[in-house]
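The numbering used here applies: residue 22 is where the sequence shown begins, and numbers increase by one.
Backbone N, C-alpha and C define an ideal beta-carbon position, used for all residues, glycine too.
Computed from a predicted structure; not experimentally measured.
Okay, so here's the structure we're looking at.
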Amino acid sequence: MSTRSISLQRKQYPFVIRWTAIFTIVVISLGFLAFPKFMETINTLKIEILKEKEIVIIPPTKHNPPIPVAPIIPTLIKAVEEPEIIFDFPKNSIKDLKLPPVFVNRSTQDGFSKIYEFEPVAKTKIKPVYPTFALEMGIEDKVFILVFIDRDGIVQKAELINNNDPYGFGAAAIEAVIKTDFEPALMGRERVAVQVSMPFTYKIR
């Protein structure tokens, strides 16, 4: 390399250094100016990311306690009850009783004996009707009917021994008795007209 070239380079050296320094300063200045905006952008991105990652806590749904339900008690269906009328003659004596008449039919009390050897026997079953009201109310009772039966076994008169008959048990028994024919009572081999007490028991099975 010639001495002239070296001398020329030495003259240009300060110029290069100057412009290099100026360029560096400009670049650094631009960097400082751009850096806050860059940081702001980064912070904005961070905030947006945080917003996207925001966790929403949903409170649990409040449930009202169940309403207590009364237990269902099964209803027992009562079976239909059948009336039962028990005729258990002879059983009680009617001696020395004061007998108020309730039903009278075709004759008087005269001539009907309280004494007999064989009691009269009904030819058919005596079937009184159970009084409707008493059956519906579940009422049971027992009544005694004084029956006057002639020598031919025909009922001439019937009376309720106890005159108190609010539910109609006595009336029902009397109605059934007077419709019934009997084998007459006997004293030895002779037929006799008699008065006998017939009990009727009304029950619901």
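For residue j and residue i, the rounded distance between their alpha carbons
i	j	result
P141	D173	10 Å
I175	T153	28 Å
S218	D202	16 Å
K144	V215	16 Å
I166	G132	18 Å
CB of residue i within 7 Å of CB of residue j, strictly
i	j	result
A192	P149	no
F221	V168	no
D171	Q177	yes
Assigned exposure category for residue i - 16 Cβ within 10 Å defines buried
i	result
A42	exposed
L138	Reading off the sequence, residue 138 comes out as Glu, not Leu. When all chains shown are included, E138 counts as exposed.
V198	buried
P89	exposed
L181	buried
P205	buried
Spatially closest choice to residue i from the options, by CA coordinates
i	options	result
L156	R226, R39, S50, N85	R226
Y223	G159, N184, R39, K146	G159
I147	R39, I46, E196, T45	E196
A179	E161, K200, D162	K200
When you compare the stretch 205-215 with the stretch 178-192, are there three or more beta-carbon pairs, one atom per stretch, that lie closer than 8 Å?
no
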